[in-house]
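Participant: In this note's numbering, the protein residues as written are 18 to 455.
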Ligand code: FUL
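#1: Where residue 61 and residue 152 are concerned, what is the direct C-alpha to C-alpha distance, given to the nearest angstrom?
#2: Measuring CB to CB, does residue 390 end up less than 8 Å from residue 295?
#3: Where does residue 255 fall in DSSP's three states?
#4: Given residue 314, which residues of its chain have a CB within under 7 Å of its CB, disregarding the five upstream and five downstream residues?
#5: Taking just the CA atoms, how far does residue 320 sit from residue 89?
#6: Report yes if the C-beta of residue 297 is less than 7 Å from at least one heavy atom of the ligand FUL; otherwise report no.
#7: Please state whether DSSP places residue 113 in a helix, a strand or coil.
#8: Tell me whether the stretch 69-88 and the stretch 38-54 touch, counting them as touching only if at least three CB pairs, one residue from each stretch, are closer than 8 Å.
#9: Alpha carbon to alpha carbon, what distance is there between residue 410 and residue 424?
#10: Hey, could you find the ends of the alpha helix (DSSP H) residue 200 is sitting in?
#11: What does a CB cutoff of less than 8 Å around residue 288 pick up in its chain, not counting 5 residues either side in sequence?
#12: Would residue 194 and residue 216 qualify as a contact pair, given that the criterion is a beta-carbon distance under 8 Å?
#13: For the ligand FUL, any of its heavy atoms closer than 7 Å to the Cβ of residue 394?
#14: Starting from residue 210, trace the alpha helix (DSSP H) both ways and give me its first and last residue.
#15: With a threshold of 7 Å (Cβ to nearest heavy atom), would residue 263 be considered close to the ligand FUL?
#16: Entirely within the stretch 73-126 and at least 3 residues each: give me those beta strand (DSSP E) ranges in chain order.
#17: Considering only their Cβ atoms, is the gap separating residue 144 from residue 181 smaller than 8 Å?
#18: Identify whether residue 244 lies in helix, strand or coil by the three-state DSSP scheme.
#19: Closest by CA to residue 338, which one among 272, 330 and 348?
#20: Please classify residue 456: does DSSP put it in a helix, a strand, or coil?
#21: Buried or exposed: which applies to residue 269, given that a residue is buried once 16 or more other Cβ atoms fall within 10 Å of its Cβ?
#22: Please return the same chain residues whose Cβ sits closer than 8 Å to the Cβ of residue 355, not counting the five positions on each side in sequence.
#23: Using CA atoms only, rank isn't needed, just tell me which of 280, 385, 107 and 93 is closest to residue 373.
#24: Restricting to Cα atoms, I'd like to know which of 342, 259, 247 and 271 is closest to residue 451.
#25: With C-beta atoms as the reference, is residue 210 less than 8 Å away from residue 185?
#26: Does the contact criterion of 3 or more C-beta pairs under 8 Å hold for the stretch 250-262 versus the stretch 190-204?
#27: Looking only at its own chain, which residues have a Cβ that is under 6 Å from the Cβ of residue 293, when we skip the five neighbours before and after it?
#28: Going by other Cβ atoms of all chains shown within 10 Å of its Cβ, with 16 needed for buried, is residue 167 buried or exposed?
#29: I need the DSSP call for residue 441, collapsed to helix, strand or coil.
#30: Using CA atoms only, rank isn't needed, just tell me which of 428, 311 and 312 is closest to residue 369.
#31: What residue range does the alpha helix (DSSP H) around residue 283 cover?
#32: Can you tell me which of 83, 114 and 93 puts its alpha carbon nearest to the alpha carbon of residue 68?
#33: Taking just the CA atoms, how far does residue 218 sit from residue 255?
#34: Assuming contact is defined by CB atoms lying nearer than 8 Å, are residue 461 and residue 58 in contact in what I supplied?
#35: Residue range of the alpha helix (DSSP H) that residue 34 falls in?
#36: Does the beta carbon of residue 224 fall short of 7 Å from some heavy atom of the ligand FUL?
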């Protein structure tokens, strides 16, 4: 069989906005709404607006915590599947405007937007396509208008948004007006990342456990739809869509009185398998019925961030010299290290599919897949002034060389001595539920 010799390979490259979002790497999710006051994960649109009544709401506390643990952005459920809106929308009275909170004059999206601006954090919004309250939902054309107005309000009144989060749950078989939705975003918030649906620029990693898998592919021809179905959305051509790993610090996305935060080991295990693999992490911290992040969660997440930062506090920079796809990393003097962080140059697209780290005596220290925006390796301490990294490009011919792809390149390699030489284990049998909650 003959192959076309000059077949031009289509290689999607990231936009500046995608690269910036990937470099941010870490965001905090806030699930808050009528569910919070009913101990529910999903509700059907019949919980009364009057039940939304946080006693001490302070979004500045949410943002302070997010900033202090190193988040670059936060995302709020402006509207979850139940249809209750956290801003005084003109499209329905099922919103904060009908609640006792601030005598119906409050606007959580506005308060959060102001707090984020003050703290220098990006703001993203979750606007559930599935709406179990809106009577118009039964009529796709009428609901398209309602949804367009809601999205327009959110994209107009709250300053710049970094991300719009479109959740697939409950939407199987429903047709939304994605061209219309996309046009609104392009007109009003063209820089916002679009999560997973419509004309996405970033994608769901495919589970709600916060876990990516090696190799982490930024170029894909489909996205997974939701946690509750195996449906996928296929594209006509492959797109550059880096993954975001969403996970809640607790079992639930919303706050429940009997739920509790994950252990620090578990959170560290998630960090290494998301950010450590080159995927973004979106960690959910649910505010409670006071409208505050609970003390236990704040303590846990603060301890987690402190341990993460301790491990990466003293970077030992390596000097890189490249010979084709082999990179030599030289340290100023012999160093004892147990962590290595690699950064791929992604400007020409994601090129590295496999790589290997070797010590000067030829021992293989690490054999792994993708590098991407940032890849962390953990190993038994080794003392050396040099490492060799062999990069294997994405597309190889029979000679083991990339036919048309540019030579893969690393931007930086940094070593660390953390005192930890293993990646924390995930708790046995842990998995977020894939059954639809009631
Ligand atoms: C899911 C939703 O059904 C959950 O309630 C939550 O919002 C999660 C982030 O996405 O698909």
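Even for Gly, the Cβ is constructed at its ideal location relative to N, Cα and C.
Every value quoted in this text rests on a predicted model; they were computed, and no experiment measured them.
Facilitator: Result, derived from the coordinates:
#1: If you number the chain shown from 1, residue 61 lands on position 44. If you number the chain shown from 1, residue 152 lands on position 135. If you take the alpha carbons of residue 61 and residue 152, they lie about 12 Å apart.
#2: Along the chain shown, one-based indexing puts residue 390 at 373. Along the chain shown, one-based indexing puts residue 295 at 278. The beta carbons of residue 390 and residue 295 sit closer together than 8 Å.
#3: Here residue 255 refers to the residue found at position 238 of the chain shown. The three-state reading of DSSP puts residue 255 in strand, counting E and B together.
#4: Along the chain shown, read from residue 1 onward, the residue named residue 314 stands at position 297. Result list for residue 314: 266, 278 and 302, in chain order.
#5: The count along the chain shown starts at 1 and reaches residue 89 at position 72. The count along the chain shown starts at 1 and reaches residue 320 at position 303. The straight-line gap from Cα to Cα measures roughly 18 Å.
#6: Against the chain shown, residue 297 aligns to sequence position 280. Checking every heavy atom of the ligand FUL against the Cβ of residue 297, none is found closer than 7 Å.
#7: Locating residue 113 in the chain shown gives position 96, counting from the first residue. Correct three-state label for residue 113: helix.
#8: Touching, yes.
#9: Within the chain shown, numbered from 1, the residue matching residue 424 stands at position 407. Within the chain shown, numbered from 1, the residue matching residue 410 stands at position 393. Distance from the CA atom of residue 424 to the CA atom of residue 410, rounded to whole angstroms, is 7 Å.
#10: The residue you call residue 200 lines up with position 183 of the chain shown. Run containing residue 200: 195-205, per the alpha helix (DSSP H) assignment.
#11: The residue labelled residue 288 in the question sits at position 271 within the chain shown. Sequence-distant Cβ neighbours of residue 288 in its own chain, meaning closer than 8 Å and more than five residues away, are 298, 321 and 325.
#12: For this step, residue 194 is matched to residue 177 along the chain shown. For this step, residue 216 is matched to residue 199 along the chain shown. In this structure, residue 194 sits away from residue 216, with a CB-CB distance that is not shorter than 8 Å.
#13: As a working mapping, residue 394 is identified with position 377 in the chain shown. No, Cβ of residue 394 sits at least 7 Å from all heavy atoms of the ligand FUL.
#14: Numbered from its first residue, the chain shown carries residue 210 at position 193. Here residue 210 belongs to no alpha helix (DSSP H); instead the beta strand (DSSP E) covers 210-212.
#15: The residue you call residue 263 lines up with position 246 of the chain shown. Correct: residue 263 has its Cβ closer than 7 Å to the ligand FUL.
#16: Complete beta strand (DSSP E) runs here, min 3: 90-96.
#17: As a working mapping, residue 181 is identified with position 164 in the chain shown. As a working mapping, residue 144 is identified with position 127 in the chain shown. For the 8 Å CB-CB criterion, residue 181 and residue 144 form a contact.
#18: If you number the chain shown from 1, residue 244 lands on position 227. DSSP places residue 244 in coil when its eight states are reduced to three.
#19: The sequence position of residue 338 within the chain shown is 321, counting from 1. For residue 338, the closest alpha carbon among the candidates 272, 330 and 348 is that of 348.
#20: As shown, the chain starts at 18 and ends at 455. That puts residue 456 outside it, with no answer to give.
#21: Position 252 of the chain shown, counted from the start, is the residue given in the question as residue 269. Buried is the call here.
#22: For the purposes of this step, residue 355 is taken as residue 338 along the chain shown, with counting starting at 1. If we look at residue 355 and ignore the five residues flanking it on each side, its Cβ neighbours are 395, 396, 397, 398, 399, 433, 434, 435, 436, 437 and 438.
#23: As a first step, residue 373 must be located in the chain shown, where it is residue number 356. If we check each option's Cα against that of residue 373, 385 comes out closest.
#24: The sequence position of residue 451 within the chain shown is 434, counting from 1. Nearest C-alpha to residue 451: 247.
#25: Here residue 210 refers to the residue found at position 193 when the chain shown is read from its first residue. Here residue 185 refers to the residue found at position 168 when the chain shown is read from its first residue. It is not a contact, given that the beta carbons lie outside the stated cut-off.
#26: With contact defined as three or more Cβ pairs closer than 8 Å, the stretch 250-262 and the stretch 190-204 are not in contact.
#27: Taking the first residue of the chain shown as position 1, residue 293 is located at position 276. Only 393 meet the Cβ criterion.
#28: For the purposes of this step, residue 167 is taken as the residue at position 150 of the chain shown. Residue 167 comes out buried.
#29: To locate residue 441, count along the chain shown from 1; it is residue 424. Reduced to three states, the DSSP call for residue 441 is coil.
#30: One-based indexing of the chain shown puts residue 369 at position 352. Taking each of 428, 311 and 312 in turn and checking the Cα distance to residue 369, the smallest one comes out for 428.
#31: Counting from 1 along the chain shown, the entry for residue 283 is found at position 266. Its alpha helix (DSSP H) spans residues 281-290.
#32: Residue 68 sits at position 51 when you count from the first residue of the chain shown. Selected option, being the one with the closest Cα: 114.
#33: As a first step, residue 255 is located in the chain shown; it is residue number 238 there, counting from the start. As a first step, residue 218 is located in the chain shown; it is residue number 201 there, counting from the start. Their backbone Cα atoms lie some 12 Å apart in a straight line.
#34: There is no way to answer for residue 461, as the model of the chain reaches only from 18 to 455.
#35: Along the chain shown, read from residue 1 onward, the residue named residue 34 stands at position 17. For residue 34, the enclosing alpha helix (DSSP H) covers residues 33-41.
#36: The residue you call residue 224 lines up with position 207 of the chain shown. False, no ligand heavy atom lies under 7 Å from that Cβ.
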